[in-house]
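Shown next, in the form of structure tokens:
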């Protein structure tokens with residue numbers, strides 16, 4: 103499925119099937135707003151992708167696969183899930199998902215339709231320390247965060263604990279759900295792209311889609 107280039111008057115409709123979210127309508131709204139603001143900060147205002155909240159990562163893959171099968175020529179489904187582990191420099195997203203999850207690249211899906219949050223979304227939050235300071239305010243202990251220029255190398259099982267420890271003396275401690283999505287909506291996507299190559303790959307591709 104090739105997209106981009108000269109499409110004349112046609113407009114490609116991008117839908118991103120994203121791991122995460124919650125069961126309540128309120129959390130669903132926070133999730134969608136956060137991703138809208140994240141993509142807007144990347145310079146995508148006016149051509150924002152539709153965000154599809156999928157819950158667990160297996161469900162995200164299932165819904166993405168159905169979307170690929172049913173997509174018209176003007177529709178571009180994209181998958182975005184946590185890697186939950188380290189990704190080798192020369193390993194493509196589909197290779198990683200095949201080797202670690204047993205997921206096969208759906209027929210009709212190309213290499214630019216699957217992306218990873220390595221090793222979880224929290225790595226993207228750690229890439230913008232200024233946004234963390236602003237969100238948590240007084241009491242946030244940035245010294246408890248790892249001195250790591252490459253957040254994607256932080257083990258998935260340590261990411262949340264770093265954020266919880268750094269914010270334990272704040273009025274609102276870090277937690278998955280509403281807090282994590284509210285922070286996502288405040289981070290600068292361009293700062294994230296500078297430190298997280300998988301985020302950069304996704305944003306670079308979205309900028310080429312017309």
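Numbering (the numbering used here), first residue to last: 103 to 312. For each residue, glycine too, the CB sits at the ideal point set by N, CA and C.
Q | Closest Cα partner of residue 279 within the set 131, 302 and 292 | A | 131
Q. How is residue 253 classed by DSSP in three states: helix, strand or coil?
A. helix
Q: Below 8 Å CB to CB, which residues in the same chain sit around residue 226 once its five sequence neighbours on both sides are set aside?
A: 219, 253, 286, 289, 294, 298 and 301
**Q.** Neighbour-count burial assignment, residue 245, 16 or more Cβ in a 10 Å radius
**A.** exposed
Q.
Among 173, 189 and 267, whose alpha-carbon lies nearest the alpha-carbon of residue 215?
A. 173
Q.
I need the straight-line Cα distance from residue 291 to residue 209, nearest angstrom please.
A. 31 Å
Q: Check the DSSP bridge columns for residue 118 and list the partner residues they point to.
A: 153 and 180
Q. What's the call for residue 106, buried or exposed, on a 16-neighbour Cβ count within 10 Å?
A. Its pLDDT being 46, under 50, residue 106 is placed unreliably in this model, and the coordinates cannot settle the point.
Q: Measure how close the beta-carbons of residue 213 and residue 194 come, nearest whole angstrom, since I'm counting them as under 8 Å.
A: 6 Å
Q: Could you check the C-alpha separation between residue 265 and residue 296 for me, to the nearest Å?
A: 20 Å
Q: Find out if the Cβ-Cβ distance for the pair residue 159, residue 203 is shorter than 9 Å.
A: yes
Q) What number of angstroms, rounded off, separates the C-alpha of residue 269 from the C-alpha of residue 223? A) 17 Å
(Q) Please return the same chain residues whose Cβ sits closer than 8 Å to the Cβ of residue 134, not counting the five positions on each side in sequence. (A) 153 and 155
Q: From the DSSP output, read off the bridge partner residues of residue 219.
A: 184
Q) Within 10 angstroms of its Cβ, does residue 151 collect 16 or more other Cβ (buried), or is it exposed? A) buried
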